[in-house]
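A quick write-up on the structure given underneath.
Below, the structure is given as structure tokens:
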């Protein structure tokens with residue numbers, strides 16, 4: 139088997155002591171960076187990039203990639219412990235992971251997140267290894283109409299992201315969309331709703347909004363609880379997922395890995411959308427959808443596996459076509475070029491060592507991360523034992539510095555505070571943050587794809603239906619809307 | 007006679023004084039403000055230059071990112087900082103000339119003193135591999151004979167690629183092409199490779215892997231001269247169209263003393279030909295391209311005039 | 002019978018939702034709606050704004066049948082609940098305001114002291130220890146190690 143031979147060569151490269159060490163350092167650094175909210179993998183990679191000048195291309199890429207997937211592992215830690223998503227892909231983990239932590243089940247949540255990431259990451263790498271070229275060609279078939287339909291599907295799933303009223307979920311989605319429209323419109327070039335604030339030209343930052351609604355908002359709601367009620371139950375119930383947890387999650391893990399992988403392949407798709415859609419999918423397929431949001435393990439297992447396999451998927455367009463799907467892979471592309479290699483279809487032929495070395499190191503990286511993260515669970519859980527009056531100012535500080543670290547601009551802190559208050563107030567009124575965040579993430583892509591499609595199709599709406607992939611996605615969206623409306627009606631006819 | 011000696015001594019003392027204060031100029035590291043986030047193409051070029059800078063500048067150069075507002079946040083920051091030569095700006099044709107024509111910003115390029123150009127972006131027009139046209143002239147002919155059929159991608163409305171394409175269209179006598187803006191050169195190229203649009207205009211480096219995969223072919227380079235990475239692709243001026251060099255240059259706040267600016271200019275001129283610098287830049291497909299203060303200022307004004315015209319023609323000028 | 006219970010804040014939420022929708026609709030018109038085959042920059046914002054107005058109305062209208070007296074009682078009792086949260090928000094706003102001229106370390110120190118001592122009413126030892134450790138700790142992690150440019154105050158740190 140050709141692939142097996144290549145893989146053996148790859149492992150030989152990846153397991154060289156120097157590369158192994160760099161992989162470890164990358165994973166460690168990435169995990170730490172992922173834990174810090176705001177300061178993302180791109181910043182860390184940019185910091186370390188000059189340091190890699192003297193390394194060989196393989197070694198440099200191995201270390202930088204380690205940071206990337208390490209950050210994915212680390213991001214879920216703060217989501218579970220303190221309801222602060224490290225980046226957009228970790229938002230879904232907050233919904234159930236944090237509730238689990240409040241009930242004393244932070245350990246199992248963290249453990250399941252780590253295992254889900256490992257399993258999904260491995261599945262992702264296998265997919266990458268076996269299916270890269272054909273998948274890349276498939277990804278190219280996604281043009282503006284297909285993206286539009288995909289985003290439409292995402293938006294129809296919004297109602298699954300909240301526990302409460304469907305109308306309120308859609309109101310939040312609408313709000314998120316409106317927020318996403320703020321900034322310079324790439325299709326017409328005009329600035330929309332920026333009120334002459336230069337800081338708004340590139341839009342309201344997603345991360346400050348995230349940290350505000352989830353992190354600061356949570357602290358504010360806890361401030362309103364009566365004295366004496368603990369935020370975190372002090373009885374820690376186990377450090378690892380139980381057998382029941384595993385049985386509940388097994389399908390979620392597989393589904394998440396597959397969904398995440400395919401969404402990750404699409405340039406612009408990515409881990410965030412994958413985790414949102416997987417959460418919605420799991421809730422839709424679950425026999426107990428009302429448990430979602432109260433601390434069910436499936437709500438952690440699914441999104442976590444989705445966002446990690448999406449990470450592996452994102453490597454496909456990068457390695458096979460030289461197309462970066464997101465900011466991180468764009469930076470990796472730059473790193474490739476600085477080291478004199480051009481990723482692309484010729485890379486597999488010209489420099490098989492490099493290609494297979496990177497793939498093998500992704501396996502190795504996943505193993506390293508699992509080994510790194512499991513023992514840390516005990517340490518993380520202990521942090522929750524810090525008395526909340528001391529813990530909450532620290533959490534706030536964490537958020538503040540995290541927000542500032544994005545752009546070195548105090549404006550981001552202001553946005554975070556604003557949305558913190560807003561998020562808290564809205565929650566009291568029965569509106570939840572997750573649908574707004576999803577719409578904020580996909581809003582611009584949704585609108586751009588819509589208008590680009592009309593431009594390509596000369597103004598005709600048929601373009602969405604004539605193309606098979608787009609038509610299929612729209613059909614699924616319509617199906618979901620009908621069944622959702624139908625389902626809600628049935629209990630009422632009792 | 008005594009008066010002359012006195013004047014001579016005064017001049018001498020003043021001269022020594024000036025040269026002393028001038029020679030003392032870089033006493034601490036100099037910050038280059040990059041108004042975009044870390045990791046971009048310009049960022050890497052700046053870091054390479056900063057790496058090779060110390061022996062020529064006499065101090066280290068530190069690249070500081072101040073992203074936001076499409077570049078305006080960082081530019082404003084330098085505009086308001088102390089004009090002592092320790093805070094300089096990495097500006098480009100897009101951020102300092104083009105942007106102020108289209109958006110309300112509290113500065114123009116005249117707020118700054120030019121230190122010198124350090125590089126030029128390479129921009130080109132690319133097309134799908136299997137098309138009815140074989141080269142740029144063939145493409146123009148096809149576009150003329152099939153109005154409304156060509157869909158071209160760009161990095162966004164109001165970006166230099168968009169303006170260049172419209173300029174080409176006007177020069178060719180008015181081609182009717184549909185502009186499909188994308189959120190950057192990379193998404194546009196991806197769409198091009200997938201065949202959703204027929205041509206796309208944008209930066210050259212991201213296009214190279216796709217060219218090697220034979221998915222897309224280059225039609226023309228929009229710079230005023232050919233570029234090393236695509237040496238056998240003609241540049242617009244050769245074919246009778248106006249080319250534009252999207253330059254990247256260093257600037258200092260407007261009130262920076264001329265002597266300091268001169269020192270920085272000389273240092274930049276000395277750094278760019280440095281072997282380390284050239285080698286590292288070549289790896290990312292860039293070549294250093296220095297133009298000194300005076301020549302560059304003239305170039306800037308010409309570019310500004312052309313930009314003002316075309317922005318007005320396209321109706322993109324700020325209200 | 003609707004599937005979800007009416008929230009006591011629905012009246013206010015509905016009104017605010019409709020207002021926000023309306024603001025975006027009006028703003029969108031001035032941006033240019035274009036036409037349906039060639040949507041302008043205001044097209045989708047207008048649509049979404051309009052949908053928001055409708056959905057908010059759906060939330061709002063049922064509240065017109067509710068009694069008003071219950072509403073007023075809730076407000077009076079609620080104000081004391083908001084004291085802590087309000088102080089936290091105040092602290093955050095002051096933090097953002099002061100960090101520019103007091104610098105990161107000093108502002109952080111004061112912030113933590115305020116939150117732990119005044120808002121959470123803990124003892125002085127805990128307060129000072131935590132404040133010092135956090136100011137120093139965050140400084141080292143973010144400024145020295147991650148090389149983030151934190152604002153410096155008059156003392157240069």
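Residue numbers (the working numbering), protein chains in the order written: chain A, 139 to 632; chain B, 7 to 325; chain C, 2 to 158. Virtual Cβ for every residue (Gly too), placed ideally from N, Cα, C. All of these numbers come straight from a predicted model, not from anything done at the bench.
Spatial neighbours of residue i within its chain, please: CB distance less than 8 angstroms, with the 5 preceding and 5 following residues excluded, ordered by chain position.
i, result
"residue 171(A)", "177, 178, 179, 181, 182, 205, 208, 209, 212"
"residue 629(A)", "Its pLDDT being 47, under 50, residue 629(A) is placed unreliably in this model, and the value from its coordinates should be taken loosely. If we look at residue 629(A) and ignore the five residues flanking it on each side, it has no Cβ neighbours."
"residue 103(B)", "115, 306, 309, 310, 313"
"residue 631(A)", "Bear in mind that the predicted position of residue 631(A) carries a pLDDT of just 40, short of 50, making it too unreliable to give a figure here."
"residue 131(C)", "113, 117"
"residue 596(A)", "none"
By the DSSP assignment, the beta strand (DSSP E) with residue i in it spans what residues?
i, result
"residue 254(B)", "252-259"
"residue 200(A)", "Per DSSP, residue 200(A) belongs to no beta strand (DSSP E); it is in the alpha helix (DSSP H), 195-220."
"residue 269(B)", "Note, residue 269(B): premise wrong, no beta strand (DSSP E); alpha helix (DSSP H) at 264-277."
"residue 157(B)", "157-160"
Does the CB of residue i have a neighbour CB from chain A at under 8 angstroms?
i, result
"residue 202(B)", "yes"
"residue 319(B)", "no"
"residue 337(B)", "In the structure displayed, chain B extends from 7 to 325; residue 337(B) sits before or after that span and is not available."
"residue 171(B)", "no"
"residue 16(C)", "no"
"residue 62(C)", "no"
"residue 109(B)", "yes"
"residue 153(C)", "no"
"residue 119(C)", "no"
"residue 127(C)", "yes"
"residue 70(C)", "Bear in mind that a pLDDT of 49 at residue 70(C), under 50, signals an unreliable position, so the number given afterwards is only what the model happens to contain. No, no contact with chain A."
Would you say residue i reaches chain C, if we count a Cβ-Cβ gap shorter than 8 angstroms as a contact?
i, result
"residue 570(A)", "no"
"residue 527(A)", "yes"
"residue 362(A)", "yes"
If you measure from the beta carbon of residue i to each beta carbon in chain B, is any gap under 8 angstroms?
i, result
"residue 336(A)", "yes"
"residue 180(A)", "yes"
"residue 329(A)", "yes"
"residue 197(A)", "no"
"residue 677(A)", "No answer is possible for residue 677(A): the residues shown for chain A start at 139 and end at 632."
For residue i, which residues from the same chain have a beta carbon less than 6 angstroms from its beta carbon, with the 5 sequence-adjacent residues on both sides left out?
i, result
"residue 502(A)", "152, 161"
"residue 236(B)", "224"
"residue 340(A)", "321"
Under 7 angstroms between beta-carbons, which chain B residues line up against residue i? List them in chain order, please.
i, result
"residue 545(A)", "73, 74"
Anything in chain A within Cβ reach of residue i, meaning under 7 angstroms, just list it in chain order.
i, result
"residue 216(B)", "459, 460"
"residue 175(B)", "Within 7 angstroms Cβ-Cβ: nothing; residue 175(B) doesn't reach chain A, min ~16 angstroms."
"residue 57(C)", "309"
"residue 103(C)", "By Cβ distance, chain A contributes nothing, its closest Cβ being about 13 angstroms from residue 103(C), past 7 angstroms."
Can you name, in chain order, every residue of its own chain whose Cβ lies under 7 angstroms from the Cβ of residue i, other than the five neighbours on each side?
i, result
"residue 44(C)", "34, 35"
"residue 556(A)", "350"
"residue 111(B)", "78, 105"
"residue 412(A)", "397, 398, 401, 402, 444, 445, 448"
For residue i, return the contacting residues in chain C, with the cut-off set at a CB-CB distance below 9 angstroms.
i, result
"residue 319(A)", "25, 29, 42, 45, 46, 49"
Using a C-beta to C-beta distance shorter than 7 angstroms, which residues of chain C count as neighbours of residue i?
i, result
"residue 404(A)", "Residues of chain C passing the Cβ test: none, with the nearest at roughly 22 angstroms."
"residue 589(A)", "40"
Give the interface partners of residue i over in chain B, defined as CB-CB distance under 9 angstroms, in chain order.
i, result
"residue 101(A)", "Limits of chain A in this structure are 139 at one end and 632 at the other, which puts residue 101(A) out of reach."
Taking the alpha helix (DSSP H) that residue i falls in, what are its first and last residues?
i, result
"residue 142(B)", "142-151"
"residue 132(B)", "It is not in any alpha helix (DSSP H) - residue 132(B) instead sits in the beta strand (DSSP E) that spans 129-134."
"residue 479(A)", "Looking at the DSSP string, residue 479(A) is not in any alpha helix (DSSP H), and its letter there is neither H nor E."
Interface residues of chain A around residue i at Cβ under 9 angstroms?
i, result
"residue 289(B)", "475, 476, 477, 478"
Going along chain A, which residues have a C-beta under 8 angstroms from residue i?
i, result
"residue 109(C)", "535"
"residue 183(B)", "Result: empty, since nearest Cβ-Cβ is about 11 angstroms, beyond 8 angstroms."
Next on the checklist: Counting beta carbon pairs with one atom in the segment 427-443 of chain A and one in the segment 375-393 of chain A, are three or more of them shorter than 8 angstroms?
Outcome noted: Flag = yes, the segment 375-393 of chain A and the segment 427-443 of chain A touch.
Item to check | Stretch pair the segment 73-89 of chain B + the segment 249-262 of chain B: three plus CB contacts closer than 8 angstroms | outcome: With contact defined as three or more Cβ pairs closer than 8 angstroms, the segment 73-89 of chain B and the segment 249-262 of chain B are in contact.
Item to check | At least three beta-carbon pairs within less than 8 angstroms, the segment 291-300 of chain B to the segment 146-161 of chain B | outcome: The segment 291-300 of chain B makes no contact with the segment 146-161 of chain B: fewer than 3 CB pairs, one atom from each, lie closer than 8 angstroms.
Item to check | Cβ contact check for the segment 421-429 of chain A and the segment 394-401 of chain A: 3 or more pairs under 8 angstroms | outcome: With contact defined as three or more Cβ pairs closer than 8 angstroms, the segment 421-429 of chain A and the segment 394-401 of chain A are not in contact.
Checklist entry - Do the segment 231-246 of chain A and the segment 152-171 of chain B make contact, defined as three or more Cβ pairs closer than 8 angstroms? => result Cβ pair count under 8 angstroms is below three, so no.
Checklist entry - Is there contact here, the segment 570-581 of chain A with the segment 190-204 of chain B, by at least three beta-carbon pairs under 8 angstroms? => result The answer is no - the segment 190-204 of chain B does not touch the segment 570-581 of chain A, with fewer than three Cβ pairs under 8 angstroms.
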